[in-house]
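Worksheet: one structure, shown below.
Residue numbers (full-length UniProt numbering): 1 to 317.
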């Protein structure tokens with residue numbers, strides 16, 4: 001089978017197309033003939049071995065696949081890597097049937113980024129009706145879904161940040177009430193101004209560095225900053241307990257892997273997201289489709305922030 005394999009850690013240049021034997025299904029696993037694989041920003045960390053979980057070599061990256069099982073079911077599933085390939089082995093309990101009317105790209109947008117957005121708001125931030133929500137990288141895969149879900153879950157004001165006018169316009173089309181520039185310089189003041197001069201209740205933050213620092217400074221009493229990434233690869237200033245107690249603020253970390261296998265945290269929200277997509281209440285954004293052999297170019301584009309929405313590898317090409 002064709003697959004993208006890495007034999008050394010590094011940047012996009014280490015991603016190479018090779019021929020490999022197809023995996024064999026172990027007990028509790030399914031083989032999926034992959035039609036499309038999803039690309040996450042986290043994949044770039046996996047490839048350079050800077051992710052929360054350590055990687056081993058050689059490795060076929062890719063944690064999201066959609067395709068057909070041997071009995072003809074069309075499923076979307078999380079994989080323990082191995083997704084950038086024509087055949088992937090996935091844990092049976094992590095495979096979810098895809099309803100009619102939901103495309104490959106839409107299903108892949110939901111399996112990590114949609115679930116992440118859902119849990120950021122529901123589980124970690126515990127959003128309440130009327131609260132203000134800041135969504136950083138609001139045109140990205142997770143951000144574009146978080147904007148829509150925040151409105152659906154009753155947010156009073158959704159403030160989007162994005163690096164270009166085109167991306168800010170997309171966030172507004174998806175339901176954000178206002179969109180501001182993502183530059184860390186002056187971020188706190190822009191967020192407060194965007195919230196009619198008041199500090200904000202919830203921030204969904206995945207950049208790290210000075211954006212994290214400015215977001216924390218913009219939190220109102222009892223506000224929650226949920227951190228779920230470090231796209232800048234720059235750590236924020238260490239948070240001291242007094243900073244949190246002094247304004248009754250909270251910083252909450254989130255990693256989707258902790259939801260897997262926990263009752264009510266995987267299949268149920270995934271079913272809700274798929275149903276919302278099937279009936280048009282949720283519109284996952286597919287931002288780019290690349291042939292399998294162009295996986296390195298896809299990683300270059302996502303790292304350079306040239307993309308929006310969900311990036312897809314078309315494994316049939």
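The C-beta atom is built at its ideal place from N, Cα and C for all residues, glycine as well.
By the C-beta density criterion, residue 215 is buried, having at least 16 other C-beta atoms within 10 angstroms. By the beta-carbon neighbour count (other beta carbons within 10 angstroms, threshold 16), residue 316 is exposed. Between residue 98 and residue 68, the CB-CB gap reaches or exceeds 8 Å. CA-to-CA, the gap between residue 72 and residue 30 works out to about 12 Å. Contact between residue 206 and residue 229 holds: their C-beta atoms lie close to 3 Å from each other, under 8 Å.
Look at residue 224 here: in three-state DSSP terms it is strand.
Inter-residue distance for residue 289 and residue 243 is about 43 Å (C-alpha atoms, whole angstroms). In this structure, the CA atom of residue 265 is about 5 Å from the CA atom of residue 259. Shown here for residue 169: same chain residues with a beta carbon closer than 8 Å to its own, the five before and five after excluded, namely 179 in chain order.
Comparing alpha carbon positions, the residue from 208, 90 and 254 closest to residue 27 is 90. One alpha carbon belongs to residue 111, the other to residue 35, and they sit about 15 Å apart.
Going by beta carbons, residue 33 and residue 102 fall outside the 8 Å limit.
Bounds of the alpha helix (DSSP H) holding residue 243 are 241-245. Counting C-beta atoms within 10 angstroms of its own C-beta, residue 61 has 16 or more neighbours from the protein chains shown and is therefore classed as buried.
Counting only residues of its own chain and dropping the five nearest sequence neighbours on each side, residue 291 has a CB closer than 7 Å to the CB of 314 and 317. With distances taken between CA atoms, residue 240 lies nearest to 213 out of 137, 261, 213 and 254. Closest by C-alpha distance to residue 79, out of 263, 38 and 232, is 38.
Contact between the region 119-135 and the region 18-25 is not established, with fewer than three Cβ pairs separated by less than 8 Å. The beta carbon of residue 261 lies closer than 8 Å to those of 93 in the same chain, with the five residues before and after it left out. A direct Cα-to-Cα measurement between residue 161 and residue 138 gives close to 6 Å. By the neighbour-count criterion, in which 16 or more other beta carbons inside 10 Å mark a residue as buried, residue 237 falls on the exposed side.
Judged by beta-carbon spacing, residue 145 lies within the 8 Å limit of residue 109, meaning their Cβ atoms are closer than that value. Residue range 2-5 is occupied by the beta strand (DSSP E) that includes residue 3. Considering only 41, 121, 107 and 275, the residue with the shortest C-alpha distance to residue 204 is 121. Cβ-Cβ distances below 6 Å link residue 95 to 30, 75 and 77 in the same chain, with the five nearest sequence neighbours on each side left out; the list follows chain order. Take residue 114, set aside five residues on each side of it, and the residues of its chain with a beta-carbon closer than 6 Å to its own are 145 and 273, in chain order. Linking residue 55 to residue 84 through their CA atoms gives a straight-line distance of about 15 Å.
Scanning the region 113-199 for uninterrupted beta strand (DSSP E) segments of 3 residues or longer gives 132-135, 157-162 and 178-181, listed from N- to C-terminal end. Counting the other CB atoms within 10 Å of its CB gives residue 276 a total of 16 or more, which places it among the buried residues.
The C-alpha of residue 190 lies about 24 Å from the C-alpha of residue 307. Within the region 48-106, complete beta strand (DSSP E) segments of at least 3 residues are found at 64-68, 74-78, 87-91 and 95-97, given in chain order.
Listed in chain order, the alpha helix (DSSP H) elements of length 4 or more contained wholly in the region 24-49 are 41-48. The beta carbon of residue 149 sits closer than 7 Å to the beta carbons of 117, 118 and 121 from its chain, once the five residues preceding and following it are set aside; these are given in chain order.
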